[in-house]
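Engineer:
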Amino acid sequence: MSTTEQRVAVVTGGARGIGAATAVRLAAEGRAVAVIDLDEAACKDTVEKITAAGGRAIAVGADVSDETQVEAAVARVVDELGAPTILINNAGVLRDNLLFKMSVADWDTVLGVHLRGSFLMAKAVQKHMVDAGFGRIVNLSSSSALGNRGQANYSAAKAGMQGFTKTLAIELGKFGITANAVAPGFIATEMTKATAERVKMGFEEFKAAAATQIPVARVGEPEDIANAIAFFTDEAAGFVSGQVLYVAGGPLD
Ligand SMILES: NC(=O)c1ccc[n+]([C@@H]2O[C@H](COP(=O)([O-])OP(=O)(O)OC[C@H]3O[C@@H](n4cnc5c(N)ncnc54)[C@H](O)[C@@H]3O)[C@@H](O)[C@H]2O)c1
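Residue numbers for the sequence shown, in UniProt numbering: 1 to 253.
Right under this line is the structure:
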């Protein structure tokens, strides 16, 4: 590939929240972007934002935990945008509950979307990266990887994302591919809004309470995470691999 050719990025869970902000940011950096989410129609806003600003983007409906749908989605990206060499594994779900109340289905769903989904996406995209001699993989971990009450499934998945990232970095480095993880703290999205509803708090009150525990004295916005992801996908970031960056408004253990 010539350096002037546009690189193709895939962002999972790109219909809203951190994924949408990341898709918009990567497009602003000159990438063509495939916005993947469960419902193709839900990706429309993100795609329109990108195309209105003069970028290239497509919406693709797929469940990242389904092997057949992932393979079909990546084939569509190759056909319609070109071979993807940037992958952001961002799709995510919560099924919070204390261990004794957590169902096996809730465990499987969370592990399925985050870990199986990221594995399937990385497997489907890596051959295009190897062919190009270039790749950037960014996996979304979380501050919950360090442990969080009510999130045995989610914290296991997000800690798993870190081990997965480091192994990809080791296996794929010689092909010009880096793999890094971004681990957000509290970010204001539909995901944290749903958590506020679950604990019967207004979202503004919930955010204000969270901000008192954050050194920069505010909660994060999706663009804060998109910014960190953009750094790892940069052409010049080829010597940064296997890292976990906590983006949480302060240090975490
Ligand atoms: N918001 C936070 O505070 C926070 C903190 C740490 C980590 N994260 C992580 O960041 C990522 C994005 O979170 P968000 O807050 O933007 O969440 P969000 O709920 O706003 O968006 C997640 C998106 O993923 C999509 N999705 C869910 N399951 C999918 C599947 N099987 N296939 C395809 N798409 C699927 C949803 O439809 C949704 O559009 C997630 O991995 C999340 O775990 C978020």
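Even glycine gets a Cβ: it sits at the ideal position worked out from N, Cα and C. Please read all numbers here as calculations on a predicted model, not as lab measurements.
Would N89 and M129 be called neighbours here (beta carbons separated by less than 7 Å)?
Structural biologist: No, Cβ-Cβ distance for N89 and M129 is not below 7 Å.
Engineer: Identify which residue in Q6, A105, G14 and V8 has its Cα closest to the Cα of Y154.
Structural biologist: The shortest C-alpha separation from Y154 is found at A105.
Engineer: Does the beta-carbon of N97, which I'm using as the reference point, lie nearer than 6 Å to any heavy atom of ligand 1?
Structural biologist: Incorrect: N97 has no Cβ contact closer than 6 Å to ligand 1.
Engineer: So for D63, helix, strand or coil by DSSP?
Structural biologist: Coil at D63, not helix or strand.
Engineer: How many angstroms separate the CA atom of F239 from the CA atom of R198?
Structural biologist: Their Cα atoms are separated by approximately 42 Å.
Engineer: Can you tell which of A226, K101, L111 and V247 has the C-alpha that lies nearest to the C-alpha of S65?
Structural biologist: Comparing Cα-Cα distances from S65 to each of A226, K101, L111 and V247, the minimum goes to L111.
Engineer: For residue 321, which of helix, strand or coil comes out of DSSP?
Structural biologist: In the structure displayed, the chain extends from 1 to 253; residue 321 sits before or after that span and is not available.
Engineer: Cutting at 8 Å between CB atoms, please list the residues of its own chain near G202, excluding the five before and the five after it.
Structural biologist: So the qualifying residues of the chain are A196.
Engineer: State the beta-bridge partners of A57 as determined by DSSP.
Structural biologist: For A57, which the question treats as bridged, DSSP gives the partners V33.
Engineer: I believe A91 touches V113 by the beta-carbon criterion, under 8 Å. Please report the beta-carbon distance rounded to the nearest angstrom.
Structural biologist: Rounded, the Cβ-Cβ distance is 6 Å, consistent with contact.
Engineer: In whole angstroms, what separates the C-alpha of M191 from that of G17?
Structural biologist: Rounded to the nearest angstrom, the two C-alpha atoms are 8 Å apart.
Engineer: Quick one: what does DSSP say P184 is sitting in, helix, strand or coil?
Structural biologist: If DSSP states are grouped into helix, strand and coil, P184 belongs with the strands.
Engineer: On the criterion of 16 or more Cβ atoms from any shown chain inside 10 Å, does R14 qualify as buried, or is it exposed?
Structural biologist: Inspection of the sequence shows that residue 14 is occupied by Gly rather than by Arg. It is buried - the Cβ of G14 has at least 16 other Cβ atoms within 10 Å.
Engineer: In whole angstroms, what separates the C-alpha of K200 from that of D96?
Structural biologist: Cα to Cα, K200 sits roughly 14 Å from D96.
Engineer: For I193, which residues in the same chain have their Cβ closer than 7 Å to its Cβ, ignoring the five residues on either side in sequence?
Structural biologist: Looking at the sequence itself, residue 193 is Lys, so the reference to Ile does not match. F203, listed in sequence order.
Engineer: Is the CB-CB distance between R25 and A217 below 7 Å?
Structural biologist: Their beta carbons are not under 7 Å apart, which means R25 does not touch A217 by this criterion.
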